[in-house]
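A.B. asks:
Number of protein chains: 2
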Amino acid sequence: MKIYLDAMGGDFAPKAPVEGALEALTNYSDLIIELAGPLAEVQPVVEEVFQGNEALKERLVLTDCPEVITNCESPVMAVRHKKQSAIVDGMLKLRDGQVDAFVSAGSTGAVLAGGMFRLGRIPGIDRPALAPLLPNGKDFFLLIDCGANVDCKPEYLHQFAQMGNAYMQTMRNIATPRIGLVNNGAEAEKGCTLTKETFQLLQADGKLNFVGNVEAREITHDVADVIVCDGFVGNVILKFMEGVVETLMDMIKGEIYADTRSKIGGLLAKPAFKRVKKKTDYTEVGGAPLLGVRGNVVKAHGSSNGHALACAIRQAIQMTEGELVRKIENQLVSAETETVSEQI
Amino acid sequence: MKIYLDAMGGDFAPKAPVEGALEALTNYSDLIIELAGPLAEVQPVVEEVFQGNEALKERLVLTDCPEVITNCESPVMAVRHKKQSAIVDGMLKLRDGQVDAFVSAGSTGAVLAGGMFRLGRIPGIDRPALAPLLPNGKDFFLLIDCGANVDCKPEYLHQFAQMGNAYMQTMRNIATPRIGLVNNGAEAEKGCTLTKETFQLLQADGKLNFVGNVEAREITHDVADVIVCDGFVGNVILKFMEGVVETLMDMIKGEIYADTRSKIGGLLAKPAFKRVKKKTDYTEVGGAPLLGVRGNVVKAHGSSNGHALACAIRQAIQMTEGELVRKIENQLVSAETETVSEQI
């Protein structure tokens, strides 16, 4: 098993990726990591972080990619021109079977563009989608799409549902994942043009366990395993969740510090708050897979630390072992066969 | 000042509206409330709730509206056919100047349809919008639209911004409200087709203090006073906020009860949690005004209790006193004049 890791992706690169590589190599004895970036910058960090772990270092392949794609440039142009960047080099190696999966905490746009134009789409998928697992207090649900496609057609959302279904079956061992569609009302006739038409497609697909429309209030109430929406709405959901949790936790902290009795109470209740923090930390389950491309791609959160990157690598390993790409292909093929046989 | 109140609106009708009327009449000595619903049902509740408050009862006008519009019927059909309902009767009286404002905790769709078809739109407004005030930890921001219009054009969103601007100036005394556009990225070139085109319109409107795109993570971080989006996205934001706060509070409660030390801490910190609850309770500032119709209409939350309805009535009084409808008209006129003079 060989995972390609972008050494320059994320806010804490190259340190966080190098630390993530060390943790992952420690956990998986048959793992090889190809760590790519400008070696002049990456090598000293590797020497420092891997000090005393010479045996692990033997399974770390360093590749010099002197160009770095930043968040501040056009992703499509960057992917076209920066051929000596980790994102382009990694996607090409993934396409050619030289590595099994690709992990980056770098520019979301560049990972998307790299996946689309260098790696390529699975036949039958119009638009690859980003799909993080998010906590609902009890377990995790897959939010698809969370920002790859801001203008969507009903067929795209249908494909998101199919890919999400395959992901949850393969990665979370759920035999018939509940598929829900984000809508402004629970009833079938509710919604905007996009959701009304998507509802019909999802309901007609006999391979999916479609549980109907899901109002935003219910998203975190464990009513579906796969939550389908367009990338604009998904981006709002993902980021608003982060924002509201931050605001509420800040508010609670502020009020706890506002009087002595509450302050003592807050100190005593610290173990509870720590558990809440752990439960809401969705980097534990990895990053957001880019589903619909011809290979295993994980986009880790930009603010990932070493452990979050190790979790993303674990996720990439599981996607490879579970043969996720083939499962998605099968999902599409069987849906097509179904439609054809119904027509006959 | 005369406010029309739907006695059968909301989950706790008719008791909550009657209690809301009592509280409002107590607070405002020159207020008259027209309370409308099936009197056979409403009258006994009035007798019970107003017992010992005969003087206040003199300013309560009871109107018999034997028909009730429920959440389970088509709003447009209901407003067309149930002429003896409080929503239809109230909107017509508001249109004819017999009352100053209309308040209901009933069916959102019926209030919308009643506002559109019985009361009518302000000239220049294509689509009236629902706009609740929501907490951001520090103060409140106006979210417009939160569900009246799920399929929008850029001009609608521009009008939402203009109406939100007039509302925050009039009702919250903010001279130049910061107007933000919900988007999946902060940069001007980011977004879906709708937000990209809306961005141009908002930036070109010299009467607005447009602060640019607002990512969902920032919505509750006090970066704008008016948050503009289409009704589908606004509905997701409004309801997701409720859902996430519920889920997180449940999670915290669960973890606090999970060990003895935390449990004692939680008991001691109760005053802090109470303050947080009060700060996040947005019914204190009233309901969601329906902006863009030719009259003051407030849609209170379906789960409103008596106090929440009294707050919605206070809001309706303030909208009337502040001459909000005229302010919105002025905002539109001056924007048009501006455009014409620029062309000259």
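Sequence lines, in order, name chains A and B. Going by the numbering used here, 152 is the number at position 152 of the first sequence; the sequence numbering is gapless. The number in the numbering used here is simply the position in the second sequence, starting from 1, with 1000 added. Beta carbons are placed, not taken as given, at the ideal position from N, Cα and C, and that holds for glycine. From a predicted model like this one, the values you see are computed outputs, not experimental measurements.
Mind listing, in chain order, the continuous alpha helix (DSSP H) runs of no fewer than 4 residues lying wholly within the stretch 1126-1186 of chain B?
C.D. replies: With a minimum length of 4 residues, the continuous alpha helix (DSSP H) runs that stay inside the stretch 1126-1186 of chain B are 1154-1172.
A.B. asks: Any idea which residues DSSP pairs residue 352 of chain A with across the strands?
C.D. replies: It is not possible to answer for residue 352 of chain A, since the shown part of chain A is limited to 1 through 344.
A.B. asks: Bridge partners of residue 121 of chain A, per DSSP?
C.D. replies: Residue 121 of chain A is bridged to A:293.
A.B. asks: Among A:319, A:327, A:325, A:333, which one has its Cα closest to the Cα of residue 3 of chain A?
C.D. replies: Comparing Cα-Cα distances from residue 3 of chain A to each of A:319, A:327, A:325, A:333, the minimum goes to A:319.
A.B. asks: Using 8 angstroms as the cut-off, can you tell me whether the stretch 240-251 of chain A makes contact with the stretch 1202-1210 of chain B, which would need three or more C-beta pairs spanning the two stretches below that distance?
C.D. replies: Because the criterion of three Cβ pairs below 8 angstroms is not met, the stretch 240-251 of chain A and the stretch 1202-1210 of chain B do not touch.
A.B. asks: Do residue 63 of chain A and residue 35 of chain A have their C-beta atoms closer together than 9 angstroms?
C.D. replies: Contact flag set, yes.
A.B. asks: Measure the beta-carbon distance from residue 306 of chain A to residue 298 of chain A and round it to whole angstroms, keeping in mind my assumption that it falls under 8 angstroms.
C.D. replies: Actually they are not in contact, since the Cβ atoms of residue 306 of chain A and residue 298 of chain A sit about 15 angstroms apart, beyond 8 angstroms.
A.B. asks: Can we say the stretch 51-66 of chain A touches the stretch 21-33 of chain A, given the rule of at least three CB pairs closer than 8 angstroms?
C.D. replies: They touch, by the three-pair rule.
A.B. asks: Could you spell out the range, first to last residue, of the beta strand (DSSP E) harbouring residue 1089 of chain B?
C.D. replies: Run containing residue 1089 of chain B: none in the beta strand (DSSP E); it sits in the alpha helix (DSSP H), 1086-1095.
A.B. asks: From the DSSP output, in three-state form, read off residue 1342 of chain B for me.
C.D. replies: Residue placement at residue 1342 of chain B is poorly supported in this model, since its pLDDT is 48, which falls under 50; the coordinates still yield a value, given next. Residue 1342 of chain B: helix per DSSP, three-state reduction.
A.B. asks: Taking the C-alpha atoms as reference points, what is the distance between residue 1343 of chain B and residue 1202 of chain B?
C.D. replies: Since pLDDT at residue 1343 of chain B reaches only 48, below the 50 mark, its modelled position is unreliable, and the value read off the structure follows with that caveat. Near 17 angstroms, if we compare the C-alpha coordinates of residue 1202 of chain B and residue 1343 of chain B.
A.B. asks: Please find out if some non-hydrogen atom of the ligand ATP comes closer than 8 angstroms to the beta-carbon of residue 1020 of chain B.
C.D. replies: Ligands displayed in this structure: none; no statement on the ligand ATP is therefore possible.
A.B. asks: Three or more beta-carbon pairs under 8 angstroms between the stretch 1112-1122 of chain B and the stretch 1264-1283 of chain B, yes or no?
C.D. replies: Contact between the stretch 1112-1122 of chain B and the stretch 1264-1283 of chain B is absent, because fewer than three Cβ pairs lie under 8 angstroms.
A.B. asks: Excluding five sequence neighbours on each side, which residues of the same chain lie with their C-beta closer than 6 angstroms to the C-beta of residue 1324 of chain B?
C.D. replies: Excluding residues within five positions, the ones whose Cβ falls inside 6 angstroms are 1170.
A.B. asks: Exposed or buried, which one is residue 65 of chain A when buried takes at least 16 other CB atoms within 10 Å?
C.D. replies: With 16 or more Cβ atoms within 10 Å of its Cβ, residue 65 of chain A is classed as buried.
A.B. asks: Leaving out five residues on either side along the sequence, give the residues of the same chain with a beta carbon under 8 angstroms from the beta carbon of residue 194 of chain A.
C.D. replies: 152, 153, 154, 157, 230.
A.B. asks: How many Å lie between residue 1291 of chain B and residue 1130 of chain B at the Cα?
C.D. replies: One C-alpha to the other measures close to 6 angstroms.
A.B. asks: In chain order, what residues of the same chain have a beta carbon less than 8 angstroms from the beta carbon of residue 1189 of chain B, not counting five sequence neighbours either side?
C.D. replies: Counting only Cβ-Cβ distances below 8 angstroms, and skipping sequence neighbours, we find 1196.
A.B. asks: When you check each C-beta in the stretch 1190-1223 of chain B against every C-beta of chain A, which residues fall closer than 7 angstroms?
C.D. replies: Cβ contacts with chain A: 1191, 1192, 1193, 1215, 1216, 1217, 1218, 1219, 1220, 1221.
A.B. asks: Please classify residue 277 of chain A: is it buried, with 16 or more other beta-carbons within 10 angstroms of its beta-carbon, or exposed?
C.D. replies: Looking at its Cβ environment, which holds fewer than 16 other Cβ atoms inside 10 Å, residue 277 of chain A is exposed.
A.B. asks: In three-state DSSP terms, what is residue 19 of chain A?
C.D. replies: Helix, per DSSP.
A.B. asks: Output needed in chain order: residues of the stretch 260-281 of chain A with a Cβ under 9 angstroms from some Cβ in chain B.
C.D. replies: So the list reads 261, 262, 263, 264, 265, 266, 267, 268, 269, 270, 271, 272, 273, 274, 275, 276, 279, 280, given in the order they occur along the chain.
A.B. asks: Show which residues of chain C have a CB atom less than 8 angstroms away from the CB atom of residue 1147 of chain B.
C.D. replies: No chain C appears in the structure shown, which is made up of the protein chains A and B.
A.B. asks: Using a Cβ-Cβ cut-off of 9 angstroms, state whether residue 248 of chain A counts as contacting chain B.
C.D. replies: Closer than 9 angstroms: yes.
A.B. asks: Of all the residues that make up the stretch 1015-1041 of chain B, which are near chain A by a beta-carbon distance shorter than 8 angstroms?
C.D. replies: Those would be none; no residue qualifies.
A.B. asks: Please report the distance separating the alpha-carbon of residue 142 of chain A from that of residue 134 of chain A.
C.D. replies: Computed Cα separation, rounded: 6 angstroms.
A.B. asks: In terms of residue numbering, what span does the beta strand (DSSP E) encompassing residue 210 of chain A cover?
C.D. replies: Where residue 210 of chain A is concerned, the enclosing beta strand (DSSP E) stretches over 209-215.
A.B. asks: How long is the line joining the alpha carbons of residue 144 of chain A and residue 232 of chain A, rounded to whole angstroms?
C.D. replies: Distance between the alpha carbons of residue 144 of chain A and residue 232 of chain A is about 11 angstroms.
A.B. asks: By DSSP's criteria, residue 1033 of chain B is part of a beta bridge. Which residues make up the other side?
C.D. replies: Residue 1033 of chain B is bridged to B:1003, B:1060.
A.B. asks: Give a yes or no on whether the minimum CB-CB distance between residue 102 of chain A and chain B is below 9 angstroms.
C.D. replies: No, residue 102 of chain A does not count as interfacial toward chain B.
A.B. asks: Could you spell out the range, first to last residue, of the alpha helix (DSSP H) harbouring residue 223 of chain A?
C.D. replies: Taken as a continuous stretch (DSSP letters only), residue 223 of chain A belongs to no alpha helix (DSSP H), as it is neither H nor E.
A.B. asks: List the DSSP bridge partners of residue 228 of chain A.
C.D. replies: A:144, A:181, per the DSSP bridge assignment.
A.B. asks: On the DSSP bridge assignment, give the partners of residue 67 of chain A in chain order.
C.D. replies: Answer is A:85.
A.B. asks: Please list, in chain order, all residues of the same chain as residue 1075 of chain B whose beta carbon is under 7 angstroms from its beta carbon, the five residues on each side excluded.
C.D. replies: Taken in chain order, the residues that qualify are 1107, 1109, 1110, 1112, 1113.
A.B. asks: So which residues of chain A does residue 1150 of chain B contact, with C-beta pairs closer than 7 angstroms?
C.D. replies: Per Cβ cutoff of 7 angstroms: 184, 191, 192.
A.B. asks: What residue does the alpha helix (DSSP H) around residue 1278 of chain B start on, and which one ends it?
C.D. replies: 1270-1280 is the extent of the alpha helix (DSSP H) around residue 1278 of chain B.
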